[in-house]
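In what follows, a structure is listed as structure tokens, so that the remarks can point back to it.
Residue numbers (our numbering), protein chains in the order written: chain H, 1 to 348; chain Z, 1001 to 1259; chain Y, 2001 to 2403.
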């Protein structure tokens, strides 16, 4: 009889675990220090034994998994019935989920089945008097609340990247238990018909991350234009090469590309990318300004960004005064290095 | 078709929301319809225009929580019901979903109930899925398009906006649908709608009217605070190579949790 | 006495504000720079019912009251004056005159399509040689059997090249002992033979709008197009202005508000001498004056709107509101630029556009000087309101809402 009190749900898509799922294990391990026992993971889907093994390697002591065909595509109804059934049988204290579209919906429905509370999109946890006290942003992040659930299990979804990824130890072993589905296909009221990958670029308006280029983007004397190019076009060509680098960084981050008025006026990039007093006013979580001096009218367009990073050759550039992190350097060196560093770090 | 749209009244998004003496306050900023719910109302009205029937807007709130409902009426909903009871004060999403499910059942023969993606005060985003679960209906969440609706056959097809891309899902009516912005910009209230809304008598349903008895909320917020003030302390990063500097920055960014 | 807006009025305000801010705000600077009117504005205002806002439903309108018209104008001009100019000419000067003076047939032929936004109306009083001196109007309408033959030119006509109908005032009796009595009003379809129109460019302000001229050469109009009686033209023109001025007053109030909001925002953002400039007293003084102007202007135009609702003659009150609000909006815009410093001098920010737009309103619909003479005239009892044969209909909800 399994008695671990702290459970985690491992979200997967098309047979690959969502990396944020592993973060739930480190949070779960923290909770086991308070509640005792080990961590149990639950995962369902098509061919998820590998994922189940990975869960053990990341620190779960045991895993319930199901590969019933009804789980081939995620649908909240059968997944919820599975998880609720397991929870009813074993009575965990806490179930942690990553806050993905699936995790949130699943937790919501399990909450109804088990008549218990849901604490979604949590950024920090502590335990007081046997209850988890979850910190969550409310009012669109304007305020922070501490929420508590008096019933059991406490269902909590964790904000992506709010908790660390545990170390992977591929020598670890644990119990893998296959469990049957609860709902039959006939009972399920929805069917997934298909899926198309999103390929369109990120819009500046909604982007959570923006990488912007300014006048400095054309400033690369070391970059040799193709032979025979007209002098008047060289600057623009250099700028476009520079914006390519910015575009690559943006792609690595799932970010939108912005520009200063100077860059737009000089013809380096179209007006729809302009950030500033004229142009768009944006408020992303992360704004990376490359080769932008930071004049007040550009500031007006991005000053409410949560974290501002500035990359500029000129240490006196005004942008450094409003940046949280600054790099005094050549964006032609720094931006590609950043792209590579992010790519490596984010895929691990 | 009998269509329902569930809306919530919240402080204006532009309002300065702060905590004073442990209480949330927004000064004299107006209370408005939750912005996401406007998209839900728009979707409901579009389905009505395509398939006929009527649209009722319902809301769980205080007795004077009429702004949201009136805005929906002014946009074109046919009727409104306000659900209010002291027992629902401080309701968590589970209780709200139980109340909405009971109201939808009481209304009877509802084909579709629309929700906005989440309410901008609690940002919980679970009510739609929970109401569906309570009713035993399918929940279509994060819907960016309704690609097929056949009231006679009782089927619906939607496109959903997931992290990985667009997903197409088929299902049976009656159903719950929660929508995202891609579904289409909400219309402005018409002047005729404004007149109708301001004259509307909105019935209020209490807990007793729903034959319900809700428990105390499982989830409470014992503490709410203003976020820590962020003084901009600029950190200039340095290193031996662009690679090193870049790696340092990446770690810092991840610590900031802005990705 | 109620000083708060009722729910209906608040919803009207919100709706028009939403439209103006969301759909016009983002593109207006571009069109102002180009000196063009965005082609989608008139159709969209028609579609949303704004072009018929305070006209009865039975005449194709939206059934709202006169206060709603004012509120809408305030919201429109807070984004750009050219939006409110549309309401001034199409609704205030033209459509409301048809409501007040038109025969049932004229209402059918002209008012209903205008209320629905299917046709656009404009107003032709001013001429190259006659502005404040209305009695100096030289365009003529010569009666010939069951027609009038129109000749002459009208200038500084908003929407001249965009409108379908013009309400014009011309001279039918060149021999009248008092030239005021020789004027007659007509409603004219602008696609009649002999009519030419053109745009006027190079204006200081309202550049995102349409201002032009109309020229009439032996234009034949049936007598059915005559509004009121021969010789009533001056009185009709003045009553048109009672409504046009109301929209200008309301709009200028919105312009003061826009200057105030821009100034408050900038004063809290811009730093100088180690602190935000809102902390400096001379900046505060400017803002305090804007607040004073806004609140006073608002009360004045709302009172005029209320009086219209009640069926009370409001020539004096509307003139007062227009004079006060327009002068104050120019002052407010000027100080807003000052608060913005060099940035205010650039079209990067909106405040310079507010100033250029504000100046026009001090000139049209009765110059500031004309209004001062009117107000002194009332106070000194040198001036009394002349009785009008047709009054602006009292706002009656029953009548306005039902078919």
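Ideal Cβ placement from N, Cα and C applies to all residues, glycine included. Predicted model, so just to flag it, every value in this text is computed and none were measured.
Residue interval of the beta strand (DSSP E) (run including residue i)
{"i": "residue 2155 of chain Y", "result": "2147-2158"}
{"i": "residue 2182 of chain Y", "result": "Per DSSP, residue 2182 of chain Y belongs to no beta strand (DSSP E) and is neither H nor E."}
{"i": "residue 2113 of chain Y", "result": "Careful: residue 2113 of chain Y lies outside any beta strand (DSSP E), inside the alpha helix (DSSP H) at 2112-2115."}
{"i": "residue 1097 of chain Z", "result": "Looking at the DSSP string, residue 1097 of chain Z is not in any beta strand (DSSP E); the run it does join, the alpha helix (DSSP H), is 1093-1107."}
{"i": "residue 964 of chain Z", "result": "Past the boundaries of the shown model lies residue 964 of chain Z; chain Z is included only from 1001 to 1259, so the question cannot be answered."}
{"i": "residue 213 of chain H", "result": "209-213"}
{"i": "residue 165 of chain H", "result": "Premise fails: residue 165 of chain H is in no beta strand (DSSP E) and is neither H nor E."}
{"i": "residue 2043 of chain Y", "result": "Counting along the chain, residue 2043 of chain Y falls outside any beta strand (DSSP E), though it belongs to the alpha helix (DSSP H) covering 2041-2047."}
{"i": "residue 1259 of chain Z", "result": "Counting along the chain, residue 1259 of chain Z falls outside any beta strand (DSSP E), and DSSP gives it neither H nor E."}
Whether residue i touches residue j by CB criterion (9 Å)
{"i": "residue 279 of chain H", "j": "residue 247 of chain H", "result": "no"}
{"i": "residue 172 of chain H", "j": "residue 1222 of chain Z", "result": "no"}
{"i": "residue 129 of chain H", "j": "residue 104 of chain H", "result": "no"}
{"i": "residue 1024 of chain Z", "j": "residue 1076 of chain Z", "result": "no"}
{"i": "residue 263 of chain H", "j": "residue 215 of chain H", "result": "yes"}
{"i": "residue 2320 of chain Y", "j": "residue 2300 of chain Y", "result": "yes"}
{"i": "residue 294 of chain H", "j": "residue 266 of chain H", "result": "no"}
{"i": "residue 211 of chain H", "j": "residue 253 of chain H", "result": "yes"}
{"i": "residue 274 of chain H", "j": "residue 2343 of chain Y", "result": "no"}
{"i": "residue 1087 of chain Z", "j": "residue 1219 of chain Z", "result": "no"}
{"i": "residue 1004 of chain Z", "j": "residue 1112 of chain Z", "result": "yes"}
{"i": "residue 98 of chain H", "j": "residue 41 of chain H", "result": "no"}
{"i": "residue 1140 of chain Z", "j": "residue 1177 of chain Z", "result": "yes"}
{"i": "residue 2253 of chain Y", "j": "residue 2185 of chain Y", "result": "no"}
{"i": "residue 236 of chain H", "j": "residue 268 of chain H", "result": "yes"}
{"i": "residue 1001 of chain Z", "j": "residue 1054 of chain Z", "result": "yes"}
{"i": "residue 1210 of chain Z", "j": "residue 111 of chain H", "result": "no"}
{"i": "residue 1159 of chain Z", "j": "residue 1145 of chain Z", "result": "yes"}
{"i": "residue 2070 of chain Y", "j": "residue 2305 of chain Y", "result": "yes"}
{"i": "residue 2228 of chain Y", "j": "residue 2084 of chain Y", "result": "no"}
{"i": "residue 119 of chain H", "j": "residue 9 of chain H", "result": "no"}
{"i": "residue 2042 of chain Y", "j": "residue 2097 of chain Y", "result": "no"}
{"i": "residue 1101 of chain Z", "j": "residue 1131 of chain Z", "result": "yes"}
{"i": "residue 2419 of chain Y", "j": "residue 2132 of chain Y", "result": "Here chain Y has residues from 2001 to 2403 only, and residue 2419 of chain Y is not among them."}
Distance between beta carbons of residue j and residue i, contact taken as under 8 Å
{"i": "residue 2154 of chain Y", "j": "residue 2124 of chain Y", "result": "4 Å"}
{"i": "residue 326 of chain H", "j": "residue 1234 of chain Z", "result": "6 Å"}
{"i": "residue 1169 of chain Z", "j": "residue 190 of chain H", "result": "5 Å"}
{"i": "residue 1129 of chain Z", "j": "residue 183 of chain H", "result": "Contact flag wrong, Cβ pair sits at about 16 Å."}
{"i": "residue 2199 of chain Y", "j": "residue 2161 of chain Y", "result": "5 Å"}
{"i": "residue 2290 of chain Y", "j": "residue 2335 of chain Y", "result": "7 Å"}
Beta-ladder partner(s) of residue i, from DSSP
{"i": "residue 2212 of chain Y", "result": "Y:2157 and Y:2199"}
{"i": "residue 2165 of chain Y", "result": "Y:2121 and Y:2189"}
{"i": "residue 2247 of chain Y", "result": "According to DSSP, which records beta bridges pairwise, residue 2247 of chain Y is partnered with nothing at all."}
{"i": "residue 137 of chain H", "result": "H:144"}
{"i": "residue 1054 of chain Z", "result": "Z:1002"}
{"i": "residue 1020 of chain Z", "result": "Z:1023"}
{"i": "residue 9 of chain H", "result": "H:42"}
{"i": "residue 349 of chain H", "result": "Nothing can be reported for residue 349 of chain H, as the shown portion of chain H is limited to 1 through 348."}
{"i": "residue 177 of chain H", "result": "H:64"}
{"i": "residue 197 of chain H", "result": "Z:1165"}
{"i": "residue 350 of chain H", "result": "Only positions 1 to 348 of chain H appear in the structure, and residue 350 of chain H is not among them; the question remains open."}
Residue span of the alpha helix (DSSP H) that contains residue i, given as start and end
{"i": "residue 2073 of chain Y", "result": "2066-2079"}
{"i": "residue 2144 of chain Y", "result": "Looking at the DSSP string, residue 2144 of chain Y is not in any alpha helix (DSSP H); the run it does join, the beta strand (DSSP E), is 2140-2144."}
{"i": "residue 1083 of chain Z", "result": "Note, residue 1083 of chain Z: premise wrong, no alpha helix (DSSP H); beta strand (DSSP E) at 1079-1083."}
{"i": "residue 1248 of chain Z", "result": "1242-1256"}
{"i": "residue 2099 of chain Y", "result": "2096-2101"}
{"i": "residue 2053 of chain Y", "result": "Premise fails: residue 2053 of chain Y is in no alpha helix (DSSP H) and is neither H nor E."}
Those runs of the alpha helix (DSSP H) which lie wholly inside the segment 1133-1207 of chain Z and span at least 4 residues: Counting only runs of 4 or more, we get 1191-1199.
Ranges of the alpha helix (DSSP H) found wholly within the segment 257-335 of chain H, counting only runs of at least 4: Segments of the alpha helix (DSSP H) lying fully in the segment 257-335 of chain H: 261-265, 296-302 and 319-322.
Whole runs of the alpha helix (DSSP H) within the segment 2264-2326 of chain Y, excluding any shorter than 4 residues: Segments of the alpha helix (DSSP H) lying fully in the segment 2264-2326 of chain Y: 2281-2310.
Contiguous beta strand (DSSP E) assignments of at least 3 residues, all confined to the segment 82-142 of chain H: Counting whole runs of 3 or more residues, the segment 82-142 of chain H contains the beta strand (DSSP E) stretches 94-98, 118-122, 124-128 and 131-138.
Complete alpha helix (DSSP H) runs within the segment 28-84 of chain H (minimum length 4 residues, chain order): Those alpha helix (DSSP H) runs which fall completely within the segment 28-84 of chain H and span 4+ residues are 49-58.
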